[in-house]
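First comes the structure, then the notes that go with it.
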């Protein structure tokens, strides 16, 4: 997919030694869709309203990046990745600036594994990604926030990965950087992914130490998932359990999130995806954050996707979602990835989207 940037050498934009020893690849995703939504909260009185919009990143977040590898000898390589998100519908970046999705450098060896340092995804995000029914936390329509949480990227991360046959091991630690409080604002996690033939299994946990008056509070997530391949179909199931001591308003402090899905290859060029998501919310902070709200209504969602592969790099997709007792993707439960809302007088919401994705 990537295009080798040998032209940089000819233009004198990188050093001669780097050109001789390094491989640098430009890559990215351009993904845009048009969407119809029901029961959104209207501005002002928050009454129920329909919405038609164009947005970026339906199946995959639109992005561009640079990645590179340099041979060091003895099987060792130096590697780096710089990746920035794009709002394709208006041409702006997704972050405050710079490389908001990934920015790391590291050393790697086929036998001894890889060490990466910088701005990176958490272990739980990495390990569970291929176990999401849509394949990569598709925003149309998957409550990915309930699987990985909102802290799925961390700063100041040291990450180690090792591959032993079909087994991949991963762990990370994010330095908090708070003087006199080593653990405050720190984060860490570990997990594994076993890529078997007919059956794949994975498990991971993440912990984030969130600063608050008097110290910090833990926010922990534990996840496990499986994929079973049967003929043209892949059957998927998983669970995430989260616990939080954060005293912020409306935060879900204890929950268990379940998902099950199927991917079916109708033809080599046409794939159908179906999934069901259910979140058992045990406790949630009240809007004033003083007392918990026990056992709020448990949200549910059904998602359908149809993917038509025009080529290896181009996908035309149709997606539909129906959420009960929540906004789509459960966005009103502090996830808020795509700013889906739910009108106060409604108990459900639905969406239908048509989009196009190009990999490069």
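In mature numbering (1 follows the signal peptide of the UniProt record, and there is no 0), the protein residues as written are -20 to -1, 1 to 340.
For every residue, glycine included, the Cβ atom is placed at its ideal position computed from N, Cα and C.
Test: residue 222 CB closer than 8 Å to a CB of chain D | Absence of chain D from the displayed structure is noted, only one protein chain being present.
Can you check whether the CB of residue 133 is closer than 8 Å to the CB of residue 153?
-> no
Evaluate the contact criterion for the stretch 199 to 217 versus the stretch 134 to 143: three or more CB pairs, one atom per stretch, below 8 Å.
-> no
Give the DSSP-derived three-state secondary structure of residue 293 in the structure shown.
-> coil
Using a Cβ-Cβ cut-off of 8 Å (strictly less than) and excluding sequence neighbours within five positions of residue 3, which residues of its own chain qualify?
-> -17, 48, 49 and 50
Determine the contact status of residue 104 and residue 138, defining contact as a CB-CB distance below 8 Å.
-> Cβ distance not < 8 Å, so residue 104 and residue 138 don't count as in contact.
For the beta strand (DSSP E) that residue 309 lies in, which residues bound it at each end?
-> Run containing residue 309: none; DSSP gives neither H nor E here.
Is the number of C-beta pairs between the stretch 113 to 125 and the stretch 195 to 206 that are closer than 8 Å three or more?
-> no
At what residues does the alpha helix (DSSP H) containing residue 104 begin and finish?
-> 103 to 108
Check whether residue 255 and residue 233 have beta carbons under 8 Å apart | no
Bridge partner(s) assigned by DSSP for residue 122 = Answer by DSSP bridge pairing: none, since residue 122 is not bridged.
Quick one: give me the first and last residue of the beta strand (DSSP E) that residue 44 is part of.
-> 43 to 53
From the DSSP output, in three-state form, read off residue 111 for me.
-> helix
Coarse secondary structure for residue 151, derived from DSSP in three states = strand
Can you grab the Cα-Cα spacing for the pair residue 34 / residue 12, in whole Å?
-> 7 Å
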